[in-house]
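Beneath this line is the structure, given in structure tokens, with notes to follow.
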Amino acid sequence: MKNELWKFLIKLAIFTVVFGLIWFFWAQDAYPRFLKPIVFPFFQWIGVKKWRLSLLLDHFTNIVPYLALVCATPGFFAHWKKTIIALLGGMVILMIGHIALSWLDYHYWSQYDMTKKFFRSIFHFYLLNDALPLGLWLLFYPKILPQLFSFLRFGKGGQTAETGISTAPPD
Amino acid sequence: MPGRPKSDMDDSKEKASSKPRISPVVRFVVLFLVLLVLISIGFSQLFTRYHDNVLWLMEMTAAISGSILSIFSSNVSYAGVNVSYMGFSVEIIDECTGLFEMLIYLAAVFSFSTTFRKKLIGIAMGLPAIFLFNLARIALLLVVGARWYAAFDFMHLYLWQVTLIIMISTIWILWLYLVVYREK
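Chains as they are written, first to last, in this note's numbering: chain A, 1468 to 1638; chain B, 262 to 445.
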């Protein structure tokens, strides 16, 4: 169990740096180009006139930790179907999140400019977007945390779902 | 021993127990994301209103991270929200104080099913830990910026997301290990 945890952490560190470098030197320019054919017709349809990429690009970086988490998860090859579902499903959700964030950013910016009102309106979406990789990883791998940390059980009072069922005696 | 006659109540209990239960992990993640939105809405309302009243937090972050670095080098200076190391200066803004990580951690603690007392302990141990973790991050970034400027942007912007996840996850799991499951 401990070995599995250490392997996971080492792989996570390596993938984080590798994907981070790929993002930094190539993907951060390529990703918006890849999104353009989807984003622009959608933006035209809903009336978004400006894609404020310079501000948004930092938040699109959440792809890096998500990919690193999925690739470091034990059973990457052994459970390849699950890996593909997690990679494709997670990426699609993150992309939808990025498009929605771009829309919301324009919506609030066109209303409030860069004022405190803008910050108040957009802040929780930024934070949600930044925390999304962790949430998605747990959703695609619901058994991963108890697998890596043997003491960890989700459910009522920190117990498993099974033990959470009431066993009260009948009247 | 004769059994109790079956009532409508028993039927409904049976039906309820045969219903597919929502996975505790799914419940945790959904609750976490919902709480995160609610907490951050509350935070942004208060933060923009009282922003000037929390300048001390940025100044304190700058002063402590400057003090940490001054243990190892004499080329450190700090004043207000600015820290300088070997001629490389940074301005500590609200994002650099660890406040945003603290909000995510709060949502993670509150969404885990355990007693209120343990959640309070989690907050009491977690928030200072995040603050300390963040100070180490700023000190590291200053060293990287001063000694290896080309890597600063990469470390600052692109590893931010990752340190965020590692920082919060580590402290959250430590809380579970040291507090929530301690008695078991």
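The C-beta atom is built at its ideal place from N, Cα and C for all residues, glycine as well.
Within chain A, the C-beta atoms nearer than 8 Å to that of Leu418/B come from Asp1525, Thr1528, in chain order. With a cutoff of 8 Å on beta-carbon distance, Arg1519/A and Tyr1579/A are scored as not near each other.
The contact set of Leu294/B on chain A, defined by CB atoms closer than 9 Å, consists of Leu1595, Ala1598, Leu1599, Gly1602 in chain order.
Not a single C-beta of chain A is nearer than 8 Å to the C-beta of Val344/B. What Gly1487/A touches in chain B, judged by beta-carbon distance under 8 Å, is Phe415, Tyr419, Leu420, Val423, going in chain order. Counting of Cβ neighbours within 10 angstroms places Ala323/B among the buried residues, the total reaching 16 or more.
When secondary structure is reduced to three states using DSSP, Phe1618/A falls in the coil class, being assigned neither helix nor strand. Between the C-alpha atoms of Trp433/B and Trp1512/A there is a straight-line separation of about 42 Å.
Linking Leu1601/A to Leu292/B through their CA atoms gives a straight-line distance of about 13 Å. Using a Cβ distance threshold of 8 Å, Val342/B and Trp436/B do not count as a contacting pair. Taking 7 Å as the Cβ-Cβ cut-off, the stretch 359 to 374 of chain B approaches chain A at Phe361, Leu364, Ile365, Ser374, given in chain order. Residues are counted here when their Cβ sits less than 8 Å from a Cβ of chain B; for the stretch 1545 to 1573 of chain A the count is zero.
For Val298/B, the closest of Val1484/A, Ile1563/A, Phe1592/A, Leu1522/A by C-alpha to C-alpha distance is Phe1592/A. For a Cβ distance threshold of 9 Å, nothing in chain B lies close to Trp1473/A: the least Cβ distance comes to about 14 Å. Of the residues assessed, Leu439/B falls on the exposed side of the cut-off, its CB having fewer than 16 other CB atoms within 10 angstroms. The alpha-carbon separation between His1546/A and Thr358/B amounts to approximately 40 Å. By the rule that beta-carbons nearer than 8 Å mark a contact, Arg1587/A touches chain B. The closest CA to that of Leu1488/A, considering only Ser305/B, Phe413/B, Gly348/B, is found on Phe413/B.
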